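Structural data, given as structure tokens:
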């Protein structure tokens, strides 16, 4: 692991409160939240970073537009995972349990835990 480098920065109070709120909700440190945010942001293509910055600057509609973009992204990721799982299932010789296709979490019995010891 690379040696950590300390940086000093100032955040507007509203942004600092958001960082602390995320850290508290996710049981992380504010430094970890900022580190992850910078890591993700710097890996994005410059055009996407510019779009996100521009969108977030729009005080009237920015938050709603970012929520819409997030929803679209999460949908695309879920679709990709579904298609990968469907392809894997199609390649397998596993039989599909018809009861699982119609069951919900209330009707399924939990899997037995293996005995450890």
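Residue numbers (the numbering used here): 12 to 128.
Even glycine gets a Cβ: it sits at the ideal position worked out from N, Cα and C.
It should be emphasised that the depicted structure is a prediction, and the values quoted were computed from it without experimental measurement.
Notebook entry, point to check: Does DSSP classify residue 200 as helix, strand or coil?
Noted result: This structure cannot speak to residue 200, because the chain is shown only from 12 to 128.
Note to self: Between the alpha carbons of residue 17 and residue 106, how many angstroms are there, rounded?
What the structure shows: 54 Å
Check: Looking at the structure shown, is residue 19 part of a helix, part of a strand, or coil, going by DSSP?
Finding: In the structure shown, residue 19 falls within a coil segment according to DSSP collapsed to helix, strand and coil.
Next item on the list: Given a cut-off of 8 Å, decide if residue 48 and residue 41 are closer than it, judged by their beta-carbon atoms.
Entry: no
Next item on the list: Please confirm whether residue 66 and residue 50 have their CB atoms less than 8 Å apart.
Entry: no
Notebook entry, point to check: CA-CA distance, residue 52 and residue 99?
Noted result: Cα to Cα, the separation comes out at about 32 Å.
Notebook entry, point to check: Residues in its own chain within less than 6 Å of residue 31 by CB, not counting five upstream and five downstream?
Noted result: Taken in chain order, the residues that qualify are 41.
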